């Protein structure tokens, strides 16, 4: 080792608390956190499927639980979480696709996001219309 | 050097390895003109206030990629950000995050340079053309497939923006993975299989969790997040194809 390199003493700053450094990171973590609540909702639905397998009474009991005020409150929260999750998912989508060309020009990423969000809104509306139609 | 009427307080992260146990902020009062960049502010400090301050710079026009630094906590080029935009508030300048600090604003770039060499950032043609055979021809559409990713200036701002690299320096990182894509997407190149051994690895494209801040801070609109994430599909296809085609899809 030369005399010059002896003086070297590189300092690595700690990474702890990195997410507080920038609002961008907080938004990223919020996006990731929505996945946990979505997994929770998947469990609620799977539990319903389990109750369905156990017979009509069990399934009706599960439906009754869903109508309780705490469940309605949870579902309202989950609706908001789903909305943010869908939006953030479609915001990442253009990054995962190869560039799409439309009439010779590259399709801008915000346009791809808007197409995705619009598709999600349309599909959800169709499902709501279909199910309310079936119930009446 | 001409001094302006306005004065801005610049807090600069100092670290002198022979003297300091850890970095600290040192404050300087910098008179400036409206057209002064953060880099010019630093040059004023070095020339007129404190000759011991160290920082890298060269071109002053956002093409050499030397003066990357944290400017009020955001990765940016010193030459591309103007003091007037921070006045009358004070300005904090620090060395690029996630890299070891060599001295003051100078970071150790060995890791970046080593990784850059590993992805073979040059064309690997299937058949090398002799001079008598002329140029490698390419259509505008083929050029468009990689042009954006070829404008990288190796400034490493994307590394300072990437928490995955900060938490695990084994991750190849945004800029170099974007360059890997740049060569893979070039119609004249046939080196994808060689490069993707690194690309498929945990430290390759799968080390990215699509935070996306790399693309936000890139001064050349390279969009590394796009370059990396569109490779995940190809990487997954390669993974599954090896069961039916032993040498992988890219062979």
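Residue numbers (the numbering used here), protein chains in the order written: chain A, 1346 to 1481; chain B, 327 to 577. Note that CB positions come from ideal geometry on N, CA and C, so glycine has one too. Predicted model only: the values in this text are computed from it and were never measured.
Below-8 Å beta-carbon distance, residue i vs any chain B residue
i, result
"residue 1488 of chain A", "Residue 1488 of chain A is absent from the model: chain A starts at 1346 and stops at 1481."
"residue 1437 of chain A", "yes"
"residue 1442 of chain A", "yes"
"residue 1468 of chain A", "no"
"residue 1356 of chain A", "yes"
"residue 1368 of chain A", "no"
"residue 1360 of chain A", "yes"
"residue 1373 of chain A", "yes"
"residue 1434 of chain A", "no"
"residue 1447 of chain A", "no"
"residue 1407 of chain A", "no"
CB of residue i within 8 Å of CB of residue j, strictly
i, j, result
"residue 397 of chain B", "residue 419 of chain B", "yes"
"residue 555 of chain B", "residue 540 of chain B", "no"
"residue 409 of chain B", "residue 334 of chain B", "yes"
"residue 485 of chain B", "residue 500 of chain B", "yes"
"residue 339 of chain B", "residue 351 of chain B", "yes"
"residue 404 of chain B", "residue 364 of chain B", "yes"
"residue 503 of chain B", "residue 553 of chain B", "yes"
"residue 481 of chain B", "residue 367 of chain B", "no"
"residue 529 of chain B", "residue 437 of chain B", "no"
"residue 559 of chain B", "residue 1410 of chain A", "no"
"residue 483 of chain B", "residue 544 of chain B", "yes"
"residue 429 of chain B", "residue 357 of chain B", "no"
"residue 401 of chain B", "residue 511 of chain B", "no"
"residue 506 of chain B", "residue 445 of chain B", "yes"
"residue 1383 of chain A", "residue 1417 of chain A", "no"
"residue 475 of chain B", "residue 548 of chain B", "yes"
"residue 1364 of chain A", "residue 1370 of chain A", "yes"
Range of the contiguous beta strand (DSSP E) that encloses residue i
i, result
"residue 427 of chain B", "427 to 429"
"residue 395 of chain B", "394 to 397"
DSSP bridge partner residues for residue i (one or two, in chain order)
i, result
"residue 332 of chain B", "B/358"
"residue 541 of chain B", "None, per the DSSP bridge assignment."
"residue 1386 of chain A", "Beta-bridge pairing links residue 1386 of chain A to no other residue."
"residue 408 of chain B", "B/363"
"residue 418 of chain B", "B/337"
"residue 400 of chain B", "B/397"
"residue 350 of chain B", "B/340"
"residue 1447 of chain A", "A/1450"
"residue 1373 of chain A", "Bridge partners of residue 1373 of chain A: none, in fact."
"residue 1356 of chain A", "B/427"
"residue 432 of chain B", "B/429"
Residues near residue i by beta carbon distance below 7 Å, same chain, minus five either side
i, result
"residue 536 of chain B", "551, 555"
"residue 1458 of chain A", "1435, 1436, 1438, 1439"
"residue 1422 of chain A", "none"
Chain A contact for residue i (CB, 8 Å cutoff)
i, result
"residue 335 of chain B", "no"
"residue 355 of chain B", "no"
"residue 399 of chain B", "yes"
"residue 539 of chain B", "yes"
"residue 352 of chain B", "no"
"residue 558 of chain B", "yes"
"residue 555 of chain B", "yes"
"residue 493 of chain B", "yes"
"residue 526 of chain B", "no"
"residue 504 of chain B", "no"
"residue 435 of chain B", "no"
"residue 414 of chain B", "no"
"residue 472 of chain B", "no"
"residue 500 of chain B", "no"
"residue 562 of chain B", "no"
"residue 349 of chain B", "yes"
"residue 341 of chain B", "yes"
"residue 545 of chain B", "no"
"residue 523 of chain B", "no"
"residue 507 of chain B", "no"
"residue 529 of chain B", "no"
"residue 427 of chain B", "yes"
Contacting residues, own chain, Cβ-Cβ under 6 Å from residue i (five flanking each side not counted)
i, result
"residue 1465 of chain A", "1431"
Where the alpha helix (DSSP H) containing residue i begins and where it ends
i, result
"residue 442 of chain B", "436 to 444"
"residue 463 of chain B", "That residue, residue 463 of chain B, is in no alpha helix (DSSP H); it is neither H nor E in DSSP."
"residue 525 of chain B", "518 to 525"
"residue 1367 of chain A", "Looking at the DSSP string, residue 1367 of chain A is not in any alpha helix (DSSP H), and its letter there is neither H nor E."
"residue 484 of chain B", "483 to 487"
"residue 381 of chain B", "Neither: residue 381 of chain B is in no alpha helix (DSSP H) and is coded neither H nor E."
"residue 388 of chain B", "Here residue 388 of chain B belongs to no alpha helix (DSSP H), and DSSP marks it neither H nor E."
"residue 556 of chain B", "550 to 570"
"residue 1422 of chain A", "1414 to 1441"
"residue 1410 of chain A", "1401 to 1411"
Contact set for residue i: own chain, Cβ-Cβ below 8 Å, skip 5 residues either direction
i, result
"residue 1404 of chain A", "1393, 1396, 1397"
"residue 385 of chain B", "392, 405"
"residue 1380 of chain A", "1430"
"residue 1346 of chain A", "At residue 1346 of chain A the pLDDT is 49, less than 50, meaning the model places this residue with poor confidence; the figure from the coordinates comes in the next sentence. Excluding sequence neighbours, residue 1346 of chain A sits near nothing in its chain."
beta-carbon residue i near the ligand GDP non-hydrogen atom, thresh 7 Å
i, result
"residue 423 of chain B", "Judged by which ligands are present, the structure shown has none, so any question about the ligand GDP falls away."
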